[in-house]
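Participant: Quick note: to get the numbering used here, add 49 to the position in the sequence shown (first position is 1).
No residue lacks a Cβ here, since even glycine has one placed at the ideal position from N, Cα and C.
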Amino acid sequence: MKNLFKNFFIFLGVFLLIALLFSAFGNSNKSVEKVGLETLINQINKQEVSAIAIHDSELKITLKQGKEEIIKKEAGETFSQLIKNFNIDQTKLADIKIEVKEKEGADYWTAVILPFLLPFLLIGVLIYFMMRSVQGANNRMMSFGQSQAKEPSKENKDKITFKDVAGVKEAKEELKEVVEFLKQPQKFVEMGARIPRGVLLLGNPGTGKTLLARAVAGEADVPFFNISGSEFVEMFVGVGASRVRDLFRRAKKSSPCIVFIDEIDAVGRRRGAGLGGSHDEREQTLNQILVEMDGFEPNINVIIIAATNRPDVLDPALLRPGRFDRRVILDEPDLADRKAILQIHAKKKPLAKNVSLSRVAERTPGFSGADLANLLNEAAILATRRNKKIIEMNELFESIEKVMLGPERKSKILSDKEKKITAYHEAGHAIVAHFSLNANPVQKISIISRGQAAGFTITLPTEDKHMHTKTEFTEELSVLLAGHIIEHDIFGEVTTGSTSDLRRATNLARKLITDFGMSETLGLRTFGEKEEMIFLGSDAREQRNYSEKIAEQIDAEISSFIDKAAHQARGIIKAKKEELEKVVAILLEKETLEKEEFEEIVGARQS
Ligand code: ADP
Ligand code: MG
Ligand code: ZN
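Right, dumping it as structure tokens:
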């Protein structure tokens, strides 16, 4: 449609240009004077005229002095009649050269036919442009139903193998089996084993699902059809399904091979969960995937690997045996894994001799593989901007903060008052964290703003944890609340700086009660069912499976958890007033405090 408009305007432009040219042309014989018949009669009588040329309804007069004139006469009337009517002396006409000119062919035709032809021409050109843009759309339409799955060329030099994937040992073990299926299917078939059809990779964003799937293809050395779930979802119903058909047709042809569907949750959501139009299309696409997976003959060696970070929303039909019955979980990397991932990504980067990737790994719990890769990249950029030849430890540490909290905002300058409030706020978090023995120890405090926050306190676990106790959670709650409490107690007023602290505290408290069953009064059950709804942009909506009365109790319990935690924080702040003031003073002076400097002031942490 846009195209059509564009064409139309181009056309209009050309048309106007032509019209302009014509009118300029028309004005070009301005030097010829237009005169009336009376003037001509006068001039003839005065014998000033040397020649008259008669064109149809125009008389072109050439005077003896060389001047030219044009006179219009009625078309029907001949010149001789005209002469008679005006009683001009024949002798005076004798020495005037009179010429009758027929309109020349081309001239005549353009004059007569062009006015009729032009509108048709216009319409014709318009139609042509319209056809053309429609045809373009049509051509696109024809290739619409074909899957856009990409198949990388086989002799890919930087082929990814399992060596390029660090950590995720169990996942790799599972997938090694898949590689063997692809390489020697006979071995398994002879044993009567059924070759798995689908493998589902589950893991948080950035844990290396896409990477691992590529590595499987690299190891097995088979074609790898890669398509993302969202590519199945188009505006037109039926396109997704036809793309699925096309994809599987191509895959079967080049068996043995791998079909990789990234982000399968885009199509594989539980059917019937959505409101609004788009889910019809999704359901058709999903149905088609299921049909195709069932329709494989058992000896066809096509393995489908799908990846998602939302296994909870997948349609149960996808997970039943014979479809994605193998599930491979990619965990967040632990300390050793993080180090290994850092090593892989540091390979091509010049690191200083004293750089210890273990120390970077220690400081990055909760980082995913993608975060770590990003961290090293940021460090390289930072080193380049500092005109260094090698990456040193401080670039790496600075990049950790950048990845964790967003870029430093040196331009956001705090007033002295704001600085003081921020210093107390952050010192409050730090002191409470330090003296709550189950909370994570303080790694760094800063009153330089980063991302959204005016300042930040980083607390990190000393080791990777897989389970958390109620005490840890309540102490974490006190740490979160400490900033707000200190603002209130010291300045008598709170600022907007604690908004996100409070939100996190409230969410945590709610989770303790509704998900973890850590409330004494509400007892051993969970509350609320997270149901997937795709409705007006909001993705998850909680389905209440409890009564109004319980809802009130939950609210009361959240408040009680928070009150208890606040009380605890206040106690610590009162008891450690002296240390607090020291930390604030140094923060105001130096703006950042590392773990070691902080512990020098407040004493080492007992544990
Ligand atoms: P996902 O698909 O799970 O969201 P990706 O596979 O796209 O994550 O990972 C993004 C990037 O993070 C990869 O390209 C790789 O550079 C890095 N990465 C993630 N996990 C690992 C890992 N285990 N080993 C090495 N690099 C990793
Ligand atoms: Mg991915
Ligand atoms: Zn805070």
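Closer than 8 Å is the cut-off here; do at least three beta carbon pairs connect the region 354 to 362 with the region 241 to 257?
Facilitator: Taking 8 Å as the limit for Cβ pairs, the verdict is that the region 241 to 257 does touch the region 354 to 362.
Participant: Is Phe309 closer than 8 Å to Arg246 when the C-beta atoms are compared?
Facilitator: If you number the sequence shown from 1, residue 246 lands on position 197. If you number the sequence shown from 1, residue 309 lands on position 260. Not closer than 8 Å, so no.
Participant: When you compare only the Cα positions, how much space is there between Glu229 and Val265?
Facilitator: Taking the first residue of the sequence shown as 1, we reach residue 229 at position 180. Taking the first residue of the sequence shown as 1, we reach residue 265 at position 216. Approximately 10 Å, taken between the alpha carbons.
Participant: Is the CB of Lys208 under 8 Å away from at least one CB in chain D?
Facilitator: The chain labelled as chain D is not found in the depicted structure, where only one protein chain is given.
Participant: Under 7 Å from any heavy atom of the ligand ZN, does the C-beta of Glu483 make it?
Facilitator: For this step, residue 483 is matched to residue 434 along the sequence shown. A quick correction: the sequence has His, not Glu, at residue 483. Not under cutoff, so the answer is no.
Participant: Report yes or no: do three or more beta-carbon pairs, one from the region 533 to 548 and one from the region 465 to 479, lie closer than 8 Å?
Facilitator: yes
Participant: In terms of alpha-carbon separation, which member of Asp420, Glu606, Val161 lies closest to His394?
Facilitator: To locate residue 394, count along the sequence shown from 1; it is residue 345. Checking every option, the nearest Cα to that of His394 belongs to Asp420.
Participant: According to DSSP, is Ser182 part of a helix, a strand, or is it coil?
Facilitator: Residue mapping note: residue 182 aligns to position 133 of the sequence shown, counting from 1. Three-state DSSP puts Ser182 in a helix.
Participant: Is it buried or exposed, Leu231, if we count other Cβ atoms within 10 angstroms and call 16 or more buried?
Facilitator: Along the sequence shown, read from residue 1 onward, the residue named residue 231 stands at position 182. Classification of Leu231: buried, given that the 10 Å Cβ count is 16 or more.
Participant: What I want to know is whether the C-beta of Ile430 ends up closer than 7 Å to one or more non-hydrogen atoms of the ligand ADP.
Facilitator: Looking up residue 430 in the sequence shown gives position 381. For the ligand ADP, not one heavy atom lies less than 7 Å from the Cβ of Ile430.
Participant: Does DSSP put Ile583 in a helix, in a strand, or in coil?
Facilitator: Translated into the one-based positions of the sequence shown, residue 583 becomes position 534. Any reading at Ile583 is ruled out, since the residue's pLDDT is 44, under 50, leaving its predicted position unreliable.
Participant: Quick check on the burial criterion: 16 or more other C-beta atoms within 10 angstroms. Buried or exposed for Gln184?
Facilitator: Along the sequence shown, read from residue 1 onward, the residue named residue 184 stands at position 135. Exposed, by the Cβ-count rule.
Participant: Could you check if Ser77 is buried or exposed, using at least 16 other CB atoms within 10 Å of its CB as the buried criterion?
Facilitator: Within the sequence shown, the letter at position 28 stands for residue 77. Legend: pLDDT at Ser77 = 47, less than 50; position of this residue unreliable, no value from coordinates given.
Participant: Could you check if Lys438 is buried or exposed, using at least 16 other CB atoms within 10 Å of its CB as the buried criterion?
Facilitator: As a first step, residue 438 must be located in the sequence shown, where it is residue number 389. Looking at its Cβ environment, which holds fewer than 16 other Cβ atoms inside 10 Å, Lys438 is exposed.
Participant: On a Cα-Cα basis, can you pick out the residue from Gln501, Val481, Ala482, Leu463 that is closest to Lys451?
Facilitator: One-based indexing of the sequence shown puts residue 451 at position 402. Measuring C-alpha to C-alpha distances from Lys451 to each of Gln501, Val481, Ala482, Leu463 identifies Gln501 as the nearest.
Participant: How would you write the range of the alpha helix (DSSP H) that Lys613 sits in, first residue to last?
Facilitator: Position 564 of the sequence shown, counted from the first residue, corresponds to residue 613. 597 to 624 is the span of the alpha helix (DSSP H), which, as asked, contains Lys613.
Participant: Which stretch, first to last residue, makes up the beta strand (DSSP E) that contains Gly455?
Facilitator: Within the sequence shown, residue 455 is the residue found at index 406, counting from 1. First-last for Gly455: undefined, no H or E at that position.
Participant: For a test of your reading of the model: does the CB of Lys388 fall under 7 Å from any non-hydrogen atom of the ligand ADP? Yes or no.
Facilitator: Residue 388 sits at position 339 when you count from the first residue of the sequence shown. Lys388 Cβ: outside cutoff for every heavy atom of the ligand ADP.
Participant: Between which two residues does the beta strand (DSSP E) harbouring Gly247 extend?
Facilitator: The residue given as residue 247 occupies position 198 in the sequence shown. Here the beta strand (DSSP E) through Gly247 covers 247 to 252.
Participant: In the structure shown, what three-state DSSP assignment does Ala503 receive?
Facilitator: Position 454 of the sequence shown, counted from the start, is the residue given in the question as residue 503. Correct three-state label for Ala503: coil.
Participant: What does the alpha-carbon distance come out to for the pair Gly371 and Ser303?
Facilitator: Position 322 of the sequence shown holds residue 371. Position 254 of the sequence shown holds residue 303. Spanning the two alpha carbons is a distance of roughly 21 Å.
Participant: How about Ala262 and Ile390: are their beta carbons less than 8 Å apart?
Facilitator: Within the sequence shown, numbered from 1, the residue matching residue 262 stands at position 213. Within the sequence shown, numbered from 1, the residue matching residue 390 stands at position 341. In this structure, Ile390 does not lie closer than 8 Å to Ala262 by Cβ.
Participant: Thinking just about the alpha-carbon of each residue, which of His533, Glu606, Ile534, Ser596 is nearest to the one in Leu557?
Facilitator: Indexing the sequence shown from 1 puts residue 557 at position 508. If we check each option's Cα against that of Leu557, Glu606 comes out closest.
Participant: Using a 10 Å radius around the Cβ and a threshold of 16 neighbouring Cβ atoms, would you call Ser527 buried or exposed?
Facilitator: Here the question's residue 527 lines up with position 478 in the sequence shown. With 16 or more Cβ atoms within 10 Å of its Cβ, Ser527 is classed as buried.
Participant: Below 8 Å, can you find three or more Cβ-Cβ pairs linking the region 612 to 627 to the region 459 to 466?
Facilitator: no
Participant: Just curious, the alpha helix (DSSP H) that Asp465 is in, first and last residue?
Facilitator: Translated into the one-based positions of the sequence shown, residue 465 becomes position 416. Segment 465 to 484, the alpha helix (DSSP H) holding Asp465.
Participant: If Leu384 sits next to Ala410, beta carbons under 8 Å apart, how far is it from one beta carbon to the other, in whole angstroms?
Facilitator: Here residue 384 corresponds to residue number 335 of the sequence shown, with the count starting at 1. Here residue 410 corresponds to residue number 361 of the sequence shown, with the count starting at 1. With a Cβ gap of about 6 Å, Leu384 and Ala410 count as contacting.
Participant: Can you find at least 3 beta carbon pairs, one from the region 442 to 449 and one from the region 425 to 434, that sit closer than 8 Å?
Facilitator: Cβ pair count under 8 Å is three or more, so yes.
Participant: Give me the Cα-Cα distance between Asp311 and Lys258, rounded to the nearest whole angstrom.
Facilitator: Residue mapping note: residue 311 aligns to position 262 of the sequence shown, counting from 1. Residue mapping note: residue 258 aligns to position 209 of the sequence shown, counting from 1. Rounded to whole angstroms, Asp311 to Lys258 spans 9 Å at the Cα level.
Participant: Please work out which residues of its chain come closer than 8 Å, Cβ to Cβ, to Thr518, disregarding the five sequence neighbours upstream and downstream, and give them in chain order.
Facilitator: Residue 518 sits at position 469 when you count from the first residue of the sequence shown. If we look at Thr518 and ignore the five residues flanking it on each side, its Cβ neighbours are Asn487.
Participant: Can you check which of these residues, Pro365, Ala503, Val491, Ala476, is closest to Ile539 by C-alpha distance?
Facilitator: Position 490 of the sequence shown, counted from the start, is the residue given in the question as residue 539. Of the candidates Pro365, Ala503, Val491, Ala476, the one whose C-alpha sits nearest the C-alpha of Ile539 is Ala476.
Participant: In three-state DSSP terms, what is Ile59?
Facilitator: In the sequence shown, counting from the first residue as 1, residue 59 sits at position 10. Of the three classes helix, strand and coil, the one that applies to Ile59 here is helix, per DSSP.
Participant: Under DSSP, the alpha helix (DSSP H) around Asp311 begins and ends at which residues?
Facilitator: To locate residue 311, count along the sequence shown from 1; it is residue 262. Careful: Asp311 lies outside any alpha helix (DSSP H), inside the beta strand (DSSP E) at 306 to 311.
Participant: On a CA-only basis, which of Ile494, Gly566, Ile622 is nearest Glu536? Give me that one, please.
Facilitator: Against the sequence shown, residue 536 aligns to sequence position 487. Out of Ile494, Gly566, Ile622, Ile622 has the C-alpha closest to the C-alpha of Glu536.
Participant: Where does Ile172 land, buried or exposed, given buried means 16+ other C-beta within 10 angstroms?
Facilitator: What you label residue 172 is simply residue 123 of the sequence shown in a count that begins at 1. Exposed, because fewer than 16 other Cβ atoms sit within 10 Å of the Cβ of Ile172.
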